[in-house]
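> Please read through the structure below; I'll follow up with questions.
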Amino acid sequence: MRAAASRRRGLVGLACLVCLLAAPCFLLGNPMTQAAKAKATSVRYEMFGTQKAEEQHSQQSNALQTALAPMLLAVLLFGASSAQAWTHKESKNWSAEFPMCKQTSQSPIDLTSDTTSGSGSTLAQYVKYDPIPARQIKNNGHVMQVDGSFGAFKLPDGDYQVKQFHFHFPAEHTVDGKLSAGEMHIVHQKVGSSGTDDLAVIGVILEESKAPSKQSSFLQALFKDLPEEGSASDVGNVDLNVFGDQFKEFYHYVGSLTTPPCAEGVHWYVSKNTANVTPETIKAFHNRFKEDDNRPTQALNGRKVVNSALSVDKEFAA
Ligand SMILES: [Zn+2]
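Per mature numbering (1 follows the signal peptide of the UniProt record, and there is no 0), the sequence shown runs over residues -29 to -1, 1 to 289.
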């Protein structure tokens, strides 16, 4: 993968695109706080190059407001990538604005390594990914994310296409109570579905290690020139098959998005084989995200976790 060569910031299209494709970070329908609205308004003025207009706002013009109204509405509807209505630091309060965050089948959870009753499947039997050129990594203020149709994950009720993959540092799922350095989420959605419907996520837990590996080289190149909030950097060709060693045994359960709106019914597949990530790569991430971007583990509430099986009980029943 080529290192980033250029950086684009503040693009209107990007703001909308980040939002539309940020599956676990869906901002669609996300009611913005007053502060976020004010920030979004400010962003609009800056984009028009009329910073002073904000100061003169009261004198000037209903005319200006009228002219800006459609654009501002677009930002409010689709969210501005730089306007944060929620933060990871306040994850305990998400349910005040996003009631689904306090439902009883939430993610992430603590996984238990001696989970049994599996069918012996491997993820590699069901995923088919292809390399895609000219990708960008985006900083949407919540996670670092790469969008693209990288291929399909065949589940019992149909094909789920990759929408994007993104990262959390530290990890979100724990194993026997152990929290690792980071976690990658490959987000898929069933063909024909939209919004937060029919999502499946493959999680790869990242273990801090100086030992070189093809996965750590991939991550190092991907994180070489991480963009500022609201921006994107070119990362060239991206091939998820580099994680072939991780597409083997897995934990499976049904949970939720780990970010607001915390919609449930997400099919989770967390690889048992971790991938290495170097201390330098973790540092590069934290140079852009001063705070951790992981949600703490949630109560299992009697849910079943299975070993290397694609479904639990009647998960895919009509
Ligand atoms: Zn995630």
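Just so you know, even glycine gets a beta-carbon here, dropped at the ideal spot from N, CA and C. Small disclaimer: the values here were computed from a predicted structure and weren't measured.
Could you pull out every residue in the same chain whose Cβ sits closer than 8 Å to the Cβ of Gln74, ignoring the five residues on either side in sequence?
The count along the sequence shown starts at 1 and reaches residue 74 at position 103. Same-chain partners within the cutoff: Ser227, Cys233, Glu235.
> Helix or strand or just coil, what does DSSP make of His144?
As a working note, residue 144 is residue 173 in the sequence shown. Three-state DSSP puts His144 in coil, outside helix and strand.
> So, with DSSP's three-state summary, where would you put Gly215?
The count along the sequence shown starts at 1 and reaches residue 215 at position 244. Here Gly215 sits in helix by DSSP.
> Which one or two residues does DSSP pair with Phe124 in a beta bridge?
Residue numbering aside, residue 124 sits at position 153 when the sequence shown is read from its first letter. According to DSSP, Phe124 bridges with Val98, Tyr131.
> Could you tell me whether any non-hydrogen atom of ligand 1 is closer than 7 Å to the CB of Thr268?
If you number the sequence shown from 1, residue 268 lands on position 297. No, ligand 1 has no heavy atom inside 7 Å of this Cβ.
> Does the beta-carbon of Lys114, which I'm using as the reference point, lie nearer than 7 Å to any heavy atom of ligand 1?
Sequence index remark: in the sequence shown, residue 114 carries index 143 (1-based). Position check: residue 114 holds Val in this sequence, whereas Lys was assumed. Yes, the beta carbon of Val114 sits closer than 7 Å to at least one heavy atom of ligand 1.
> Is it the case that the CB of Lys137 approaches a heavy atom of ligand 1 more closely than 7 Å?
Taking the sequence shown and counting its residues from 1, the one referred to as residue 137 is at position 166. Per the sequence shown, the amino acid found at residue 137 is His instead of Lys. Yes, Cβ of His137 sits closer than 7 Å to a heavy atom of ligand 1.
> When you compare each of Thr249, Ser92, Asn208 to Arg106 by their alpha carbons, which one comes out closest?
If you number the sequence shown from 1, residue 106 lands on position 135. Ranking Thr249, Ser92, Asn208 by Cα distance to Arg106 puts Asn208 first.
> Please check the pair Val117 and His159, which I expect to be a contact at CB under 8 Å, by giving their CB distance rounded to whole angstroms.
The count along the sequence shown starts at 1 and reaches residue 117 at position 146. The count along the sequence shown starts at 1 and reaches residue 159 at position 188. 14 Å between Cβ atoms; not a contact.
> Note down, in chain order, each residue of its chain lying with its Cβ closer than 7 Å to the Cβ of Pro267, except the 5 sequence neighbours on either side.
Indexing the sequence shown from 1 puts residue 267 at position 296. So the list reads Ser62, once near-sequence residues are dropped.
> Using 8 Å as the threshold, is the segment 194 to 213 in touch with the segment 120 to 136, meaning 3 or more CB pairs across them?
These segments touch.
> Can you tell which of Pro141, Ile157, Thr167 has the C-alpha that lies nearest to the C-alpha of Leu150?
Mapped onto the sequence shown, residue 150 falls at position 179. Checking every option, the nearest Cα to that of Leu150 belongs to Pro141.
> Should Thr229 be counted as a contact of ligand 1 given a C-beta to heavy atom distance under 7 Å?
The sequence position of residue 229 within the sequence shown is 258, counting from 1. Yes, Cβ of Thr229 sits closer than 7 Å to a heavy atom of ligand 1.
> Is His257 helix, strand or coil when you go by DSSP?
Indexing the sequence shown from 1 puts residue 257 at position 286. In the structure shown, His257 sits in a helix (DSSP, three-state: H, G or I).
> Which residues does DSSP pair with His137 in a beta bridge?
Translated into positions along the sequence shown, residue 137 becomes position 166. Partner(s): Gln116, His156.
> From Asp85 to Ser202, what distance separates their C-alpha atoms?
On the sequence shown, position 114 is the one that residue 85 refers to. On the sequence shown, position 231 is the one that residue 202 refers to. The straight-line gap from Cα to Cα measures roughly 42 Å.
> Return the CA-CA distance between Glu199 and Asn110, expressed in angstroms with no decimal places.
One-based indexing of the sequence shown puts residue 199 at position 228. One-based indexing of the sequence shown puts residue 110 at position 139. Using only the alpha carbons, I get a separation of about 6 Å.
> Helix, strand or coil: which one does DSSP assign to Ser202?
Taking the first residue of the sequence shown as 1, we reach residue 202 at position 231. It is a strand residue.
> Under the three-state reduction of DSSP, which class applies to Leu(-9): helix, strand or coil?
Reading the sequence shown from its first residue, position 21 is the one you call residue -9. Any reading at Leu(-9) must be qualified, since the residue scores a pLDDT of 39, below 50, and its modelled position is unreliable; the value itself is stated next. Note: Leu(-9) maps to helix in three-state DSSP.
> Which first and last residues belong to the alpha helix (DSSP H) in which Phe189 is found?
Taking the sequence shown and counting its residues from 1, one reaches residue 189 at position 218. First-last of the alpha helix (DSSP H) with Phe189: 185 to 193.
> Can you give the Cα-Cα distance for Thr145 and Val172, rounded to whole angstroms?
As a first step, residue 145 must be located in the sequence shown, where it is residue number 174. As a first step, residue 172 must be located in the sequence shown, where it is residue number 201. Spanning the two alpha carbons is a distance of roughly 16 Å.
> Tell me whether His156 counts as near ligand 2, meaning its Cβ is closer than 7 Å to at least one heavy atom of that ligand.
As presented, the structure is devoid of ligand 2, carrying ligand 1 as its sole ligands.
> Around the C-beta of Phe19, are 16 or more other C-beta atoms found within 10 angstroms, so that it is buried, or is it exposed?
Here residue 19 corresponds to residue number 48 of the sequence shown, with the count starting at 1. With a pLDDT of 29 at Phe19, under the threshold of 50, the predicted position of this residue should be treated as unreliable, and no value is reported.
> Identify the residues that DSSP records as bridge partners of Asn278: which are they?
Numbered from 1 along the sequence shown, position 307 holds the residue referred to as residue 278. Per DSSP, Tyr222.
> Taking Ser242 as part of the beta strand (DSSP E), name the residues at either end of that continuous run.
Numbered from 1 along the sequence shown, position 271 holds the residue referred to as residue 242. Note, Ser242: beta strand (DSSP E), 235 to 242.
> Just verifying my parser: in three-state terms, what is the DSSP assignment at Glu178?
The sequence position of residue 178 within the sequence shown is 207, counting from 1. It is a strand residue.
> Using the rule of at least 16 other Cβ atoms within 10 Å of the residue's Cβ for burial, across every protein chain shown, is Gln96 buried or exposed?
Taking the sequence shown and counting its residues from 1, one reaches residue 96 at position 125. That one is exposed.
> Would you tell me roughly how many angstroms separate the C-alpha atoms of Lys125 and Lys99, rounded to the nearest one?
Looking up residue 125 in the sequence shown gives position 154. Looking up residue 99 in the sequence shown gives position 128. Each residue's Cα considered, the two are about 8 Å apart.
> Please return the same chain residues whose Cβ sits closer than 6 Å to the Cβ of Thr93, not counting the five positions on each side in sequence.
Counting from 1 along the sequence shown, the entry for residue 93 is found at position 122. Hits under 6 Å: Lys219.
> Which residues share a DSSP beta bridge with Ile80?
Reading the sequence shown from its first residue, position 109 is the one you call residue 80. For Ile80, which the question treats as bridged, DSSP gives no partner whatsoever.
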